[in-house]
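If you read the protein sequences in the order shown, they are chains A and B. What the first sequence shows, in the UniProt record's numbering, is residues 1 to 869, in sequence order. What the second sequence shows, in the UniProt record's numbering, is residues 1 to 190, in sequence order.
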Amino acid sequence: MHQAVVDPLLPPNLSSDSVSRRSAPEKGRFGDLRGLQWRINLGVLPSSVSATIDDLRRVTADCRRRYASLRRRLLVEAPIPKNGRNSPTLEMDNPLSQNPDSTWSRFFRNAELERLVDQDLSRLYPEHGSYFQTPGCQGMLRRILLLWCLKHPDCGYRQGMHELLAPFLYVLQVDLERLSEVRKLYEDHFTDRFDGLLCQENDLTYSFDFRKSPDMMEDEIGSHGNASKANSLDELEPEIQSIVLLSDAYGAEGELGIVLSEKFMEHDAYCMFDALMKGANGSVAMADFFSTSPVPGSHTGLPPVIEASMALYHLLSLADSSLHSHLLDLEVEPQYFYLRWLRVLFGREFSLDKLLVIWDEIFASDNSKVESSADENIDYGFRILHSPRGAFISAIAVAMLLHLRSSLLATENPTTCLQRLLNFPENVTIEKLLQKAKTLQDLALSIDISSPSLLLVGSHYQSKTTSTRAVSLPSESVSPKTPLNFIPDSYWEEKWRVAQKAEDRKQDGVENQVPTRKKGWTEKMKLRLRRTESDPPPSRVLSGQRGSKPSFRRSLLEDLRKALGAEENTEHEQHHDDILSEQDNLSEAVEVEQQESSCNSDNNSDDNCPSGNSGHEEESSIYSDSASPPNEANDHEIASEKNSAASFLSLDECNEALDTSPIDSPLPLSDPPENIPPTSVCNNNDQGNNQGNETSDTSTSVSPSPISDPSHNLPQTSGCNNDDEGSSATQPKDGKQNKFQWFWKFGRNTVEAISEKVGGGAAEATKSANIISNQSNSPPPASPAANGHCSSVSGRGDSVDQNVMGTLKNIGQSMLDHIQVIESVFQQDRGQGASSENLSKNVLVGKGQVTAMQALKELRKISNLLSEM
Amino acid sequence: MVLVLALGDLHVPHRAADLPAKFKSMLVPGKIQHIICTGNLCIKEVHDYLKTLCPDLHITRGEYDEETKYPETKTLTIGQFKLGLCRGHQVVPWGDLDSLAMLQRQLDVDILVTGHTHQFTAYKHEGGVVINPGSATGAYSSITYDVNPSFVLMDIDGLRVVVYVYELIDGEVKVDKIDFKKTSSNSSAH
């Protein structure tokens with residue numbers, strides 16, 4: 001049975017490529033002896049090329065001695081009562097003893113553990129039952145597991161460990177088969193080539209035979225000398241020579257040092273298992289993945305499996321962001337399937353022969369921690385990605401995901417998705433998978449090593465979760481509920497691409513809203529002029545046509561403003577403008593919304609602004625609530641996240657990394673709209689047509705003088721500048737602001753920052769810098785723009801229509817409020833004008849008032865209509 | 001290796017409220033494979049409690065037992081040993097070794113467990129053992145008034161049985177141990 005499974009996996013002709021193997025000794029010094037190679041790769045045996053076979057033998061013997069002593073110490077048979085009555089230990093050592101140190105309680109504990117282990121072992125590899133279900137094999141497996149668990153009581157036995165162990169025993173067995181095969185081969189060679197040395201040959205073959213039954217050794221020791229054997233060995237091929245040396249009972253450490261020994265299979269398997277579980281000073285220790293408590297060195301404070309799952313999704317997002325976002329949309333959390341993959345190192349997904357090939361590669365990857373250039377104090381992102389082996393494990397998982405890509409993307413609900421993930425197809429070509437995994441591994445490593453930014457992002461995530469947890473609990477933010485929903489930056493780029501069309505269509509709306517209310521009117525006008533000069537956008541023309549009515553209205557209102565000259569009113573009016581344009585946008589935005597519903601839901605879970613986005617219900621509540629809670633939450637968060645400009649710089653680097661990486665990702669990340677690198681800072685003026693540039697806007701606006709070019713900074717944020725007015729606003733306006741705010745909550749940070757700078761508050765300047773960096777560091781670099789228009793439409797998923805209706809109603813209400821305010825001002829003015837001013841002016845004012853009143857009436861109609869909807 | 005708990009004469013609730021707390025804390029499920037009880041539990045609740053310790057429960061009928069279905073004597077084989085169980089009030093004089101040995105021969109057992117005297121005794125007799133585990137609750141009897149609660153745990157392993165005696169003296173559990181080896185040839189010789 002072994003032969004059947006083993007043979008295809010082994011190099012077909014071991015003697016022919018032994019030379020080439022010699023030339024590259026590191027690759028496969030004992031290439032055809034998988035068990036031996038694994039022992040070297042796992043760190044059980046010395047890996048250095050200079051280690052002689054004698055060294056190997058010594059280390060082997062040491063390992064075996066350790067295991068033997070462990071076994072002697074820990075495996076308790078049923079306690080044998082000593083003779084002699086009233087022995088002093090009897091109080092402690094009796095079957096009912098409560099003392100945990102008594103032999104009896106140890107015995108009971110072991111028995112319990114043994115039962116647990118047996119439950120799993122009896123079901124181990126039923127398809128290879130002829131080997132694994134034999135009593136001898138089961139006994140070995142049971143003892144090894146038992147001993148390991150007893151040695152590591154903090155870890156204990158967990159289901160899956162047996163499946164990590166079983167392949168080790170298997171490959172050791174295979175090695176032994178190979179050894180006996182070589183013996184036969186060697187026999188043939190010998191008789192063929194060395195005719196003259198027949199007597200020695202007989203001697204040697206004989207010695208091989210007796211080595212198979214070592215109990216006869218004592219009798220034979222004197223019968224032949226080592227010298228004669230050495231003579232002939234020198235002339236043998238090095239491969240066979242090494243095998244012979246490895247199994248020589250007379251080498252270093254004698255019989256205990258026979259590297260390939262059937263007698264010590266159990267010892268060797270234990271050593272391999274132990275090395276794998278503890279990682280042998282490397283960074284990937286399988287035992288971590290069985291524990292639920294975070295590793296002491298972990299920065300995220302999450303269980304290692306969860307951390308590894310996050311790393312997996314992170315890598316996936318870099319490799320294939322659409323698949324990643326699809327899985328996120330379905331809320332398929334990585335640990336649902338990755339737990340199973342990881343704990344048994346894919347043992348459940350592949351048949352044993354394929355698994356061995358995969359493990360070959362996994363173990364061949366170095367497990368040592370990669371020393372990154374960043375100094376030790378910096379928090380690292382994902383521990384699993386720090387070593388080539390860990391990265392490779394993640395890479396295999398990603399490659400598996402990519403293998404399933406199309407079928408996963410076709411799924412519409414998480415259940416079928418998980419079904420497909422957990423029933424990995426068997427007919428996968430393992431070579432392709434591994435090849436892909438290797439490129440992905442390079443990607444993972446290059447990211448992890450080359451750009452410390454990613455580490456920062458990771459740690460940023462960590463700080464973010466903690467901060468949101470700390471701050472936003474009352475607002476039931478999503479983060480505590482799904483703390484694992486870490487979405488790397490690239491995810492948002494993907495979202496942007498999806499949202500691109502929508503943004504294009506909405507662009508005119510944005511243009512309309514551009515003017516900045518928070519500045520003085522004249523300044524605003526200037527800006528507007530400048531914008532129209534420098535940027536006579538087609539979209540603006542479009543909006544002009546489309547929104548002819550509003551523009552007409554605006555002209556009317558401008559008359560009014562002239563007449564009144566009241567700054568406050570102009571601001572009001574501006575709001576009206578915005579609202580009108582908003583209305584215009586709404587209808588088409590609804591369609592947009594349907595495309596974007598998924599995007600929205602993701603926004604929800606991952607946004608920086610914890611209270612404003614945790615679900616539609618909440619949003620509507622915010623809508624009617626005062627704006628202060630989200631503000632506070634935001635401020636808190638800002639305060640808690642001391643992100644300096646440095647961290648922002650790292651983000652840029654990250655972007656670069658993203659741009660360089662996509663070569664092997666199915667969806668190239670280097671699409672035109674995503675040309676985010678720093679160069680795009682200057683493109684801001686034609687932001688009307690490039691969403692990607694907007695991203696870079698938000699991210700790069702952190703530069704020391706963010707307002708140096710208001711025309712490009714302001715446009716995206718214009719809608720949300722309510723905050724600044726807040727101080728001077730009258731009561732109804734306040735309400736309006738609050739309602740308005742939810743439209744723009746994502747962009748508000750930026751605006752705040754800018755406005756504060758304009759205001760010239762020196763103390764606030766630093767804070768605003770913080771705000772900006774905070775914002776730009778938050779998962780979505782695109783948040784202001786993309787989210788802005790996502791949320792402006794407010795509808796989510798299926799409830800789009802309802803939402804829109806609600807929105808319209810609310811807009812109508814707020815319009816009514818404003819109209820009332822304006823009217824009241826009118827009343828006052830009229831009264832004053834009538835009493836104190838001369839007639840002609842009076843008439844003039846009256847004329848303006850009449851038109852204004854007409855306009856107001858129309859507004860009223862509209863708002864009534866709206867609120868009745 | 002089989003652990004057999006032997007106890008009896010609990011007399012709950014007439015003469016004692018419950019097992020001593022120290023005993024209760026020692027008697028945990030999962031360790032004991034069989035329980036043999038000589039009788040006088042006396043109520044069903046005690047029976048249920050013993051069942052929670054180990055489902056394999058063997059009881060003979062005592063004169064105060066509510067349950068009337070318990071047999072007068074019972075024999076069972078555990079490992080290489082044949083165990084006999086009897087309440088003991090039928091054997092007169094009470095607690096007399098010769099009379100008990102007669103019963104042992106009658107039942108053809110290696111180990112005879114009886115009760116009624118509320119005094120722990122254990123004799124090696126004629127290649128067998130005669131054990132009285134005493135009263136597990138320390139209930140008084142018609143012969144004795146000052147009774148230490150005690151019970152017996154037998155570790156039967158192959159041809160060897162180790163009898164652990166647990167006795168509560170002045171609030172402390174004392175453990176004693178009696179080794180008994182059966183020679184395979186004379187098994188249950190008369």
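Glycine residues also receive a C-beta, built at the ideal position from the N, C-alpha and C atoms.
Could one say the Cβ of leucine 3 of chain B lies closer than 7 Å to chain A's Cβ atoms, at least one of them? Mapped onto the second sequence, residue 3 of chain B falls at position 3. The C-beta of leucine 3 of chain B comes closer than 7 Å to at least one C-beta of chain A.
Go ahead and label serine 283 of chain A buried or exposed: buried means 16 or more other beta carbons lie within 10 angstroms of its beta carbon, across all protein chains shown. Taking the first sequence and counting its residues from 1, one reaches residue 283 of chain A at position 283. When all chains shown are included, serine 283 of chain A counts as buried.
Work out the CA separation of aspartate 101 of chain A and aspartate 93 of chain A for me, nearest whole Å. Here residue 93 of chain A refers to the residue found at position 93 of the first sequence. Here residue 101 of chain A refers to the residue found at position 101 of the first sequence. Spanning the two alpha carbons is a distance of roughly 9 Å.
On a CA-only basis, which of A:Glu262, A:Asp154 and A:Tyr338 is nearest isoleucine 306 of chain A? Give me that one, please. To locate residue 306 of chain A, count along the first sequence from 1; it is residue 306. Among A:Glu262, A:Asp154 and A:Tyr338, the Cα nearest to that of isoleucine 306 of chain A is on A:Tyr338.
Within the 7 Å Cβ cut-off, does alanine 111 of chain A reach chain B? Residue numbering aside, residue 111 of chain A sits at position 111 when the first sequence is read from its first letter. No, alanine 111 of chain A does not count as interfacial toward chain B.
Ends of the alpha helix (DSSP H) at isoleucine 59 of chain B? Sequence index remark: in the second sequence, residue 59 of chain B carries index 59 (1-based). Run containing isoleucine 59 of chain B: none in the alpha helix (DSSP H); it sits in the beta strand (DSSP E), 57 to 59.
I need the DSSP call for alanine 397 of chain A, collapsed to helix, strand or coil. The sequence position of residue 397 of chain A within the first sequence is 397, counting from 1. Judged by DSSP in its simplified three-state form, alanine 397 of chain A adopts helix.
Could you tell me which uninterrupted alpha helix (DSSP H) segments, each at least 4 residues in length, are contained entirely in the segment 260 to 321 of chain A, listed from first to last along the chain? Considered as a whole, the segment 260 to 321 of chain A harbours 265 to 278, 286 to 290 and 304 to 319 as its complete alpha helix (DSSP H) runs of no fewer than 4 residues, in chain order.
Can you pull the chain B neighbours of glutamine 98 of chain A, defined as C-beta to C-beta under 9 Å? On the first sequence, position 98 is the one that residue 98 of chain A refers to. The contacting residues are Ser25, Met26 and Val28.
Considering only the beta carbon of each residue, do glycine 128 of chain B and arginine 87 of chain B sit closer than 7 Å? Start at 1 with the first residue of the second sequence, and residue 128 of chain B comes out as number 128. Start at 1 with the first residue of the second sequence, and residue 87 of chain B comes out as number 87. No, these two residues do not count as a Cβ contact at 7 Å.
Partner residues on chain A for leucine 168 of chain B, Cβ-Cβ distance less than 8 Å: Walking along the second sequence from the start, residue 168 of chain B turns up at place 168. Neighbours of leucine 168 of chain B on chain A: none; closest Cβ ~13 Å, over 8 Å.
Measuring CA to CA, which of A:Leu856, A:Ser814, A:Ser446 and A:Gly806 is closest to isoleucine 822 of chain A? Taking the first residue of the first sequence as 1, we reach residue 822 of chain A at position 822. Taking isoleucine 822 of chain A as reference, the option from A:Leu856, A:Ser814, A:Ser446 and A:Gly806 with the minimal CA-CA separation is A:Leu856.
Residues bridged to methionine 154 of chain B (per DSSP): By one-based count along the second sequence, residue 154 of chain B stands at place 154. Methionine 154 of chain B is bridged to B:Val4 and B:Val163.
Is the CB of leucine 153 of chain B under 7 Å away from at least one CB in chain A? Position 153 of the second sequence, counted from the start, is the residue given in the question as residue 153 of chain B. It does: the Cβ of leucine 153 of chain B has a partner Cβ on chain A nearer than 7 Å.
Taking the alpha-carbon of leucine 36 of chain A as reference, which of A:Ser105, A:Ser122 and A:Phe168 has the nearest alpha-carbon? Within the first sequence, the letter at position 36 stands for residue 36 of chain A. Among A:Ser105, A:Ser122 and A:Phe168, the Cα nearest to that of leucine 36 of chain A is on A:Phe168.
Nearest to alanine 391 of chain A by CA position, among A:Met400, A:Arg343, A:Glu431 and A:Gln441, is which residue? As a position in the first sequence, residue 391 of chain A is number 391, starting the count at 1. The residue with the shortest Cα to Cα distance from alanine 391 of chain A is A:Gln441.
Figure out for me which residue from B:Glu167, B:Asp108 and B:Asp110 has the closest Cα to the Cα of serine 135 of chain B. If you number the second sequence from 1, residue 135 of chain B lands on position 135. Nearest of B:Glu167, B:Asp108 and B:Asp110 to serine 135 of chain B, Cα basis: B:Glu167.
May I ask you to verify whether the segment 61 to 80 of chain B touches the segment 138 to 147 of chain B, counting CB pairs closer than 8 Å and requiring at least 3? Short answer: they don't touch.
Answer with buried or exposed for glycine 812 of chain A, where buried requires no fewer than 16 other C-beta atoms within 10 angstroms of its C-beta. Taking the first residue of the first sequence as position 1, residue 812 of chain A is located at position 812. Its Cβ being crowded by 16 or more others within 10 Å, glycine 812 of chain A is buried.
For threonine 89 of chain A, count neighbouring C-beta atoms within 10 Å of its own C-beta (all shown protein chains included) and say buried if the count is 16 or more, exposed if not. As a first step, residue 89 of chain A must be located in the first sequence, where it is residue number 89. Threonine 89 of chain A comes out exposed.
I want to verify the contact list: residues of chain A whose CB lies under 7 Å from the CB of valine 175 of chain B, in sequence order. For the purposes of this step, residue 175 of chain B is identified with residue 175 of the second sequence, where counting begins at 1. Result: Leu90, Glu91 and Asn94.
If you check the beta carbons only, do residue 191 of chain B and isoleucine 131 of chain B fall under 7 Å apart? Here chain B comprises residues numbered 1 to 190, so residue 191 of chain B is not present and cannot be evaluated.
Taking the straight line between their C-alpha atoms, what separation do you get for threonine 103 of chain A and arginine 73 of chain A? Locating residue 103 of chain A in the first sequence gives position 103, counting from the first residue. Locating residue 73 of chain A in the first sequence gives position 73, counting from the first residue. Roughly 12 Å separates the two Cα atoms.
Identify the continuous alpha helix (DSSP H) that holds cysteine 417 of chain A and give its terminal residues. Here residue 417 of chain A corresponds to residue number 417 of the first sequence, with the count starting at 1. Per DSSP, the unbroken alpha helix (DSSP H) holding cysteine 417 of chain A starts and ends at 414 to 422.
Label glycine 222 of chain A either buried or exposed according to how many other C-beta atoms from any shown protein chain fall within 10 Å of its C-beta, with 16 as the threshold for buried. The residue labelled residue 222 of chain A in the question sits at position 222 within the first sequence. Per-residue confidence for glycine 222 of chain A stands at a pLDDT of 36, beneath the threshold of 50, marking its modelled position as unreliable; the derived number appears in the next sentence. Around the C-beta of glycine 222 of chain A, fewer than 16 other C-beta atoms lie within 10 Å, and the residue is accordingly described as exposed.
Should serine 543 of chain A go down as buried or exposed, given a rule of 16 or more other Cβ atoms within 10 Å for buried? For the purposes of this step, residue 543 of chain A is identified with residue 543 of the first sequence, where counting begins at 1. Only weak support is given to the placement of serine 543 of chain A: the predicted model assigns it a pLDDT of 42, under 50, and the question is left unresolved by the model.
Mind checking residue 883 of chain A: buried by the 16 CB within 10 Å criterion, or exposed? Since the first residue of chain A shown is 1 and the last is 869, residue 883 of chain A is not available in this structure.
Is it buried or exposed for histidine 14 of chain B, if we count other Cβ within 10 angstroms and need 16 for buried? Looking up residue 14 of chain B in the second sequence gives position 14. With fewer than 16 other Cβ atoms within 10 Å, it is exposed.
At the level of alpha carbons, what is the spacing between alanine 364 of chain A and proline 29 of chain B? Along the first sequence, read from residue 1 onward, the residue named residue 364 of chain A stands at position 364. Along the second sequence, read from residue 1 onward, the residue named residue 29 of chain B stands at position 29. Per the coordinates, the alpha-carbon of alanine 364 of chain A lies some 48 Å from the alpha-carbon of proline 29 of chain B.
CB of residue 924 of chain A within 7 Å of CB of aspartate 175 of chain A, strictly: The requested residue 924 of chain A does not occur in the structure, where chain A is confined to residues 1 to 869.
With H, G and I counted as helix, E and B as strand and the rest as coil, what does DSSP make of lysine 174 of chain B? For the purposes of this step, residue 174 of chain B is taken as residue 174 along the second sequence, with counting starting at 1. Collapsing the DSSP output to three states places lysine 174 of chain B in a strand.
What would DSSP say about alanine 122 of chain B, mapped onto helix, strand or coil? Within the second sequence, the letter at position 122 stands for residue 122 of chain B. Shown here, alanine 122 of chain B sits in a strand according to DSSP, grouped into three states.
Alpha carbon of glycine 95 of chain B to alpha carbon of phenylalanine 107 of chain A, nearest angstrom: Within the second sequence, residue 95 of chain B is the residue found at index 95, counting from 1. Within the first sequence, residue 107 of chain A is the residue found at index 107, counting from 1. The straight-line gap from Cα to Cα measures roughly 36 Å.
What is the rounded straight-line gap between the Cα of glutamine 80 of chain B and the Cα of proline 388 of chain A? Sequence index remark: in the second sequence, residue 80 of chain B carries index 80 (1-based). Sequence index remark: in the first sequence, residue 388 of chain A carries index 388 (1-based). Taking the straight line from one Cα to the other gives about 59 Å.
Stretch pair the segment 149 to 165 of chain A + the segment 127 to 139 of chain A: three plus CB contacts closer than 8 Å: With the cut-off at 8 Å, the segment 149 to 165 of chain A and the segment 127 to 139 of chain A do not touch.
Against chain A, does tyrosine 140 of chain B count as a neighbour if the rule is that its beta carbon must be under 7 Å from one of theirs? Residue numbering aside, residue 140 of chain B sits at position 140 when the second sequence is read from its first letter. No, because no Cβ of chain A sits closer than 7 Å to the Cβ of tyrosine 140 of chain B.
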